[in-house]
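Following the working numbering, the numbering of the sequence shown begins with 20 at its first residue and continues without gaps.
Written below as structure tokens is the structure these notes are about.
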Amino acid sequence: MKDGRQRKNVKIGLLVEVIQKPHQRTGELTEGIIVRLLTKSSNHPHGIKVQLTTGEVGRVQEIIDKFEG
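Here's what the structure looks like:
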């Protein structure tokens, strides 16, 4: 499993689980496909911030795999 805190591992089209700002306390994860990378730095301790195809924004907690579809 690749590290979602490293920008080099996070690419457009990947299927990931992100944590959105309102769900940080509960830890509720949202699954989706990346359409934009929002974090400019090469790494971030809480995960790279991305936008999903649904328009939701969150920090990558887990990279599931390449989107098959």
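Backbone N, C-alpha and C fix where the C-beta goes; we use that ideal spot for every residue, glycine too.
Secondary structure note for K68: its beta strand (DSSP E) is the uninterrupted segment 68 to 71. Residue burial annotation: R55 is exposed, with fewer than 16 other C-beta atoms found within 10 angstroms of its C-beta. In this structure, the beta-carbon distance from I83 to L34 falls below 7 Å. With contacts defined as CB atoms closer than 7 Å, R44 and H65 fail to qualify as a contacting pair. Shown here, R78 sits in a strand according to DSSP, grouped into three states. Taking the C-beta atoms as reference points, T49 is found no nearer than 7 Å to E81. For R26, the secondary structure class from DSSP, reduced to helix, strand or coil, is helix.
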